[in-house]
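Reminder that position 444 of the sequence shown reads as 444 in the UniProt record's numbering, one-by-one numbering, no gaps.
Below: one structure, written as structure tokens.
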Amino acid sequence: MANSTHLDDQRRRLYALKRAPALRHTSNTVLLQLLEKAREVRWAKDAVVCEEARDAEGFFLLLDGELDVRRSGEHLLTLRPVTPLGVEALVGGTSTVTARAAAASHGLFFPRDAVWELVRSRAGLRQDLGARVADKPRHEALREYAEVVAFESDVRDAPLSTLIALVAKVLARDFGDRVLLLRKGNAEVSQGADGVLHASVPELSTGTLQRLSREHGVDYVFLDGCRFTGRAPGKTVRLVPGPLHTRPPLTPGLRVLPTVVIDPERPSRDSEVGGPLSRDGADTRVLPACWLRLGLGHLSSLPVDERPLEDVELTDAELDALSRWARAISHRRVGLALSGGGVWGFYHVYILRWLVGNGIPIDFISGASMGSLVGAYFCGSALDGRGGLAGLLRLEERAVNRELSLAATGAMVTSYTLERFVRQDLGDTSLEELPIRFLPVATDLTSGQCVALERGPVAMGVRASGSAPGVFAPTLVPPARYVDGAFTSMVPANVLLSAGADLIFSSNIFPFGVRESTFMPRSGVGRFLAGLNPVSRALDLMASGVLLLHRSGDAEALLADVSYDIASAELPLLTAMDFTRARDILDRAAADGALTEKLEELKALWHRVKTRASPHPGGRRAA
Numbered sequence: 001m002a003n004s005t006h007l008d009d010q011r012r013r014l015y016a017l018k019r020a021p022a023l024r025h026t027s028n029t030v031l032l033q034l035l036e037k038a039r040e041v042r043w044a045k046d047a048v049v050c051e052e053a054r055d056a057e058g059f060f061l062l063l064d065g066e067l068d069v070r071r072s073g074e075h076l077l078t079l080r081p082v083t084p085l086g087v088e089a090l091v092g093g094t095s096t097v098t099a100r101a102a103a104a105s106h107g108l109f110f111p112r113d114a115v116w117e118l119v120r121s122r123a124g125l126r127q128d129l130g131a132r133v134a135d136k137p138r139h140e141a142l143r144e145y146a147e148v149v150a151f152e153s154d155v156r157d158a159p160l161s162t163l164i165a166l167v168a169k170v171l172a173r174d175f176g177d178r179v180l181l182l183r184k185g186n187a188e189v190s191q192g193a194d195g196v197l198h199a200s201v202p203e204l205s206t207g208t209l210q211r212l213s214r215e216h217g218v219d220y221v222f223l224d225g226c227r228f229t230g231r232a233p234g235k236t237v238r239l240v241p242g243p244l245h246t247r248p249p250l251t252p253g254l255r256v257l258p259t260v261v262i263d264p265e266r267p268s269r270d271s272e273v274g275g276p277l278s279r280d281g282a283d284t285r286v287l288p289a290c291w292l293r294l295g296l297g298h299l300s301s302l303p304v305d306e307r308p309l310e311d312v313e314l315t316d317a318e319l320d321a322l323s324r325w326a327r328a329i330s331h332r333r334v335g336l337a338l339s340g341g342g343v344w345g346f347y348h349v350y351i352l353r354w355l356v357g358n359g360i361p362i363d364f365i366s367g368a369s370m371g372s373l374v375g376a377y378f379c380g381s382a383l384d385g386r387g388g389l390a391g392l393l394r395l396e397e398r399a400v401n402r403e404l405s406l407a408a409t410g411a412m413v414t415s416y417t418l419e420r421f422v423r424q425d426l427g428d429t430s431l432e433e434l435p436i437r438f439l440p441v442a443t444d445l446t447s448g449q450c451v452a453l454e455r456g457p458v459a460m461g462v463r464a465s466g467s468a469p470g471v472f473a474p475t476l477v478p479p480a481r482y483v484d485g486a487f488t489s490m491v492p493a494n495v496l497l498s499a500g501a502d503l504i505f506s507s508n509i510f511p512f513g514v515r516e517s518t519f520m521p522r523s524g525v526g527r528f529l530a531g532l533n534p535v536s537r538a539l540d541l542m543a544s545g546v547l548l549l550h551r552s553g554d555a556e557a558l559l560a561d562v563s564y565d566i567a568s569a570e571l572p573l574l575t576a577m578d579f580t581r582a583r584d585i586l587d588r589a590a591a592d593g594a595l596t597e598k599l600e601e602l603k604a605l606w607h608r609v610k611t612r613a614s615p616h617p618g619g620r621r622a623a
């Protein structure tokens, strides 16, 4: 994983940006790009940060210190660290307050021109901020821009034009986005029954693009064999054969979204379990990849015209893959971070069933310990159009029938029993072939790092993630010595951020236990002898260890857009190993009002991300 200090700073700054109402629903991927535009600034005491009624030169993010904020000379508030200032003023055009440094302060400055360049080139951010634009000239100016998406392919015989047309149909159907599909030629804009705008031009210039966007209220322009002659404000989507071992070639001036095509007939199953391959972290032009599990043979012979998506003869697997691709292109991917917790992990099972039942898609699952086991059964059975619920039911049955308890008991001798348990149901399925990216985390004691496992057998990944030190045997993959991932990342939300999740839900379901008050001797000698009690010390150690794990999970969950934190419970560590109580835990989750509230919050947030308000008047259909 990346340097922990860098991750902490990134998490803190991303969390702070989301405190601005205008950015509350903006995807993580785009906010990280916004952070790239910032520069660090320092203010001496009494320095003026911004002044009321002046043009907004940008907005600020206070990291350290205090700012005194006033309006018309009256004190409004004292701005504390990790707070944005001036986002709404930037949108409106002028500052509405005067801010001075009450003490020597440090923060980030986001220049106006750099922000608006990103707004114009990212459809999601333009949609989020465009609805808040107060002055008409800037509102009208936004209509001249669309996110330009070019497509390239390194996959042999890939029907690229067919794939472009299909993913445009998905964006129009699922999200109501205005997509203009441009090809080379000379034909006026027309809207098909699929809701997609179609046109052809001999050459696409900046002027042509702005005219088409302004006249038709376009969110995205997809280029199918049509070259852009200016500085394209978008990205290149590049199909690459799976598995992804190297960075794809870069198109000058553009970001690239690698789309890894996985052939379901010939999946990769040769690699050893391990973490991410070495990458150039300084080059942010490569966006987190999308995995497309898709057989291309059928699509190559499929006639695709302007018919609605429902009238195209696609299988459930193809529809699932195309929807996943559309969410990646439009920055709407959803990730779940699942904590460890033994049998309490069946809270995760309930959560997954609820999300599926309420139509909320899942693109990533990261898990520690029991969270990785639940994630494996869901992702490992959600293949080729299946939903993953069958895998969760199978895990529930094996827990109730004591098979999971037997595997856990055997792991005290060798953690191979955990691997064998998973392999019996999921076979030799590899992490690289899963359409829902499954990222179990493990702790490598030889490096002291938390490792998000991205390649190798699913069963081996679960084994490494669940090797609780001191209880279960470690998982040895020389030179790594893997133990339970919960000890370095109880709720692995950071992993999802790096993987490309735009909306994150975290679930910390390992209850912390509190020590019951016991009889306390009145005399000093009596208290001394009570402190020597080895049983009492062991109980103290257990309660402290559980509390430490739970609280570390709380800290990591700050990165999530919505996070659930279970209440305390009696003897949670002893209860955790009784897997026969799986259905009791499911019933408890169903009756948990706090969990239901958090899930409804996630549902509302997903609906907001799904149906972004468009800055184009009348330019969006109901999604």
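Note that beta-carbon positions come from the ideal geometry of N, C-alpha and C, so glycine has one too.
Item                                                                                                             : Value
Own chain partners of S301 with C-beta closer than 7 Å, once the 5 adjacent residues on each side are dropped    : none
Endpoints, the beta strand (DSSP E) within which A337 is located                                                 : V334 to L338
Residue(s) in a DSSP beta bridge with A480                                                                       : V477
Distance, A123 Cα to T29 Cα                                                                                      : 12 Å
Beta-carbon spacing of Q127, R612 below 8 Å                                                                      : yes
Proximal residues to T162 (C-beta, below 7 Å), its chain only, five neighbours per side dropped                  : L299, L302 and V304
Inter-residue spacing [alpha-carbon to alpha-carbon] between residue 643 and W291                                : The shown model of the chain, from 1 to 623, leaves out residue 643, and the question about it has no answer.
C-alpha distance - P258 paired with T208, whole-angstrom precision                                               : 28 Å
Which listed residue (V562, L418 and C450) has its alpha carbon closest to that of Y482                          : C450
contact_flag[the stretch 412-425, the stretch 354-363] where n(CB pairs < 8 Å) is 3 or more                      : no
Rounded C-alpha distance that separates A480 from A20                                                            : 42 Å
L257 (DSSP reduced to helix, strand or coil)                                                                     : strand
Helix, strand or coil at R183 according to DSSP, with G and I counted as helix                                   : strand
Buried versus exposed, by CB contacts within 10 Å (16 or more), E310                                             : exposed
Nearest candidate by alpha-carbon position, reference L373, set A576, T96 and G342                               : G342
Contained alpha helix (DSSP H) runs [length at least 4] in the stretch 383-450, N- to C-terminal order           : 389-400, 403-410 and 416-426
Cross-strand partners of S507 (DSSP beta bridge)                                                                 : L338 and Y564
Beta strand (DSSP E) runs wholly inside the stretch 36-95, at least 3 long, in chain order                       : 39-43, 48-50, 58-64, 67-71, 74-79 and 83-85
N-terminal and C-terminal residue of the alpha helix (DSSP H) that W606 is part of                               : G593 to K610
DSSP beta-bridge partners of W325                                                                                : Partner(s): none; W325 has no beta bridge.
DSSP three-state assignment for G274, whether helix, strand or coil                                              : strand
Cβ-based neighbour list, T429, same chain, cut-off 6 Å, excluding 5 preceding and 5 following                    : G380 and V458
Three-state secondary structure (DSSP) of S498                                                                   : helix
Beta-carbon proximity of V69 to L61, cut-off 8 Å                                                                 : no
Distance CB(G65)-CB(A38) smaller than 8 Å                                                                        : no
Delimiting residues of the beta strand (DSSP E) encompassing H216                                                : Premise fails: H216 lies in the alpha helix (DSSP H), T206 to H216, not in any beta strand (DSSP E).
Close-in-space but distant-in-sequence residues of the same chain around L197 (CB under 8 Å, 5 per side omitted) : R178, V179, L180, L181, V189, S190, Q191, H216 and V218
Segment contact, 8 Å Cβ cut-off, at least three pairs: the stretch 553-563 with the stretch 589-605              : yes
Three-state class that DSSP yields for Y377 in the structure shown                                               : helix
Where H25 sits in the DSSP three-state scheme                                                                    : coil
Beta carbon of S507 nearer than 8 Å to that of I351                                                              : yes
Stretch-stretch touch, CB-based, cutoff 8 Å, three pairs: the stretch 321-339 with the stretch 487-506           : yes
Cβ distance (whole Å) where V149 is taken to contact G234 below 8 Å                                              : 5 Å
Distance, S27 Cα to A56 Cα                                                                                       : 24 Å
Where the beta strand (DSSP E) through K235 begins and ends                                                      : K235 to P241
Residue range of the beta strand (DSSP E) that includes R100                                                     : T98 to A101
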